[in-house]
Amino acid sequence: MLTPHVVTATLARLATEAEPPGLLPAREQMALSLGWHIVLACFGVAFPAMIFVMHLRGIRRNDAVALGLAKRWAKVSAVLFAIGAVSGTVLSFEMGLLWPGLMGTYGDVLGLPFAFEGLAFFLEAIFLGIYLYGWGRMPAKRHVLMVLPMAITGIIGAYCVLAVNAWMNVPTGFRLVEGQVTDVEPWKVLFNRHAFLQFAHMWVGAYMLTGFSVAGVYAVGMLRGRRDAHHRLGFLVPFVFASVAAVTQPFVGHVLGFGLDERQPAKLAAFELAETTESPSPLRLGGILVDGEVKGSIDIPYLGSLIAMNSPDKPVPGLDTIPEEDHPPVNMTHLAFQTMVGIGTLLAAAVVLFWFQRRRGRDLLERRWFLRFVAAAGPLAVIALEAGWIATEVGRQPWIVYDVLRTTDAVGDYTASLWWLLGISTVVYTAMTIGAVVVLRSMARRWRAGDADLPSPYAPEVAAAPEVEA
28 MLTPHVVTAT LARLATEAEP PGLLPAREQM ALSLGWHIVL ACFGVAFPAM IFVMHLRGIR
88 RNDAVALGLA KRWAKVSAVL FAIGAVSGTV LSFEMGLLWP GLMGTYGDVL GLPFAFEGLA
148 FFLEAIFLGI YLYGWGRMPA KRHVLMVLPM AITGIIGAYC VLAVNAWMNV PTGFRLVEGQ
208 VTDVEPWKVL FNRHAFLQFA HMWVGAYMLT GFSVAGVYAV GMLRGRRDAH HRLGFLVPFV
268 FASVAAVTQP FVGHVLGFGL DERQPAKLAA FELAETTESP SPLRLGGILV DGEVKGSIDI
328 PYLGSLIAMN SPDKPVPGLD TIPEEDHPPV NMTHLAFQTM VGIGTLLAAA VVLFWFQRRR
388 GRDLLERRWF LRFVAAAGPL AVIALEAGWI ATEVGRQPWI VYDVLRTTDA VGDYTASLWW
448 LLGISTVVYT AMTIGAVVVL RSMARRWRAG DADLPSPYAP EVAAAPEVEA
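In short: position in the sequence shown from 1, add 27, done, that's the numbering used here.
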């Protein structure tokens, strides 16, 4: 875990190295905005697919419970989408405000992915509105199809953003001549091999986070005695999505790591806490680097080489082979990476146990300990996702564009104003979080009280008929 001592020491190191002095507040501001927005982005990517499956089940099986769940989930999705639109807009401004050295120099390279992301966002909003107001006003089979553009545009938008981040890790599609960007090939930026792999990792992670979070809501309901068809179906559909994602994610992550020793050897060394090059390299569980010495780790021989290098004896490149000025914050990167992997392994083991027991005729939904675990699985998936992004972004330091542009050269010099911006953003994000919780809990209470159809703003007063016929 990221202990307060490790975080404080890392921030102190970053503050000491920060030139110009606006670097630390810029980093903190970006971490706050990205860390908050990424959770909502996961729902934008994964939730429409779950709504589609639930709605389709309701139509094909004439299942009023499934239709009711799809309708409720769509309204929850609208609330999350509205809040995500705010944080996403803030992020688009922050890229230029906080990192003028990046966007001023490489804006032509990154323009196409950002343009497509904006277009996808607006199309997703349009079809979300059509779907919300289409209940009882469109033929059922046509109405359910309105979810598909939502799902597709959510995926496209996420892919475009991940393509930019993949480019920052593996820059391509341009030449730098005397400090000027020339020969820009934007399609290479958008469709490079690393972008597909990084997106796949994030896409699967989005289904884990969303699936476990939604299933956890119904697990809490079952813990409180609500074991009707509504809660069991509301649990099962997102849990199926989460299960597939949880057992797939380790393989996707492993493939993504192929060649990391060549692309970013310092990041790999930090992941594995490899101070020196060892053959074969052990797998180090836990531990931190103190004065160039690894302390507190549990070393498992050979597994480091086997997992990181796909070889029983090929060594993981050590930090001693890399100039010290190119080292990332090792302890934060290592502990964040292991937090992600550890939680992911735990969640994968839990879903395997559930389905194995279900196949044997044992329903773990009757076990309170399992329901408690699923209730905690959503927050655990959020922690794993955040830890993964910390490992990726902190592990790339000191580069904002790897081996091309250092973070210190990309930041603007607005020190005092950036600290004010960080304070205001913290207040705003806190208020939006509280507001989202209040609104969603209010909606849940009204649904439990029997309000089958909460009114939507500006919607005409039309009685919604069950969608069971074309």
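Where is the CB? At the ideal position from N, CA and C, for every residue including glycine.
Here the alpha carbon of residue 365 sits roughly 46 angstroms from the alpha carbon of residue 168. When the alpha-carbon of residue 413 is set against those of 59, 54 and 53, the nearest one is in 59.
Taking residue 57 as reference, the option from 74, 89 and 114 with the minimal CA-CA separation is 114. The way I'd put it, the segment 194-212 doesn't touch the segment 163-179; fewer than three beta-carbon pairs between them come closer than 8 angstroms.
For residue 238, the closest of 446, 428, 72 and 351 by C-alpha to C-alpha distance is 72. The alpha-carbon separation between residue 266 and residue 225 amounts to approximately 24 angstroms. Secondary structure note for residue 320: its beta strand (DSSP E) is the uninterrupted segment 320-327. Sequence-distant Cβ neighbours of residue 460 in its own chain, meaning closer than 6 angstroms and more than five residues away, do not exist here. When Cβ pairs closer than 8 angstroms are counted between the two stretches, the segment 183-198 is seen to touch the segment 142-153, the count reaching three or more. Within the same chain, and ignoring the five residues on either side of residue 292 in sequence, the residues whose Cβ sits closer than 8 angstroms to its Cβ are 344, 348 and 349.
Shown here, residue 428 sits in a strand according to DSSP, grouped into three states. Taking 9 angstroms as the cut-off, the Cβ atoms of residue 96 and residue 261 count as close. Per DSSP, the continuous beta strand (DSSP E) segment holding residue 315 begins and ends at 310-317.
Going by beta carbons, residue 196 and residue 290 fall inside the 9 angstroms limit. For residue 342, same chain residues with a beta-carbon under 6 angstroms away, outside a window of 5 residues either side, are 304, 305, 306 and 308 in chain order. In the three-state reduction of the DSSP assignment, residue 271 falls in the helix class, which pools H, G and I. The DSSP-derived three-state label of residue 225 is helix. Residue pairing of residue 204 in beta bridges, as defined by DSSP: 207. With fewer than 16 neighbouring CB atoms inside 10 Å of its own CB, residue 454 falls in the exposed class. Taking a 10 Å sphere around the C-beta of residue 207, we find fewer than 16 other C-beta atoms and assign the residue as exposed. In this structure the segment 292-301 does not touch the segment 384-397; the number of beta carbon pairs closer than 8 angstroms is below three. For the pair residue 313 and residue 346, the CB atoms are not nearer than the 9 angstroms cut-off. As a beta-bridge residue in DSSP terms, residue 343 pairs with 305. In the structure shown, the three-state DSSP call for residue 433 is strand. Its Cα nearest to that of residue 419, the residue 357 stands out among 464, 399, 357 and 406. When DSSP assignments are scanned along the segment 129-205, the uninterrupted stretches of alpha helix (DSSP H) that are 4 or more residues long and fall wholly within it turn out to be 167-172 and 174-196.
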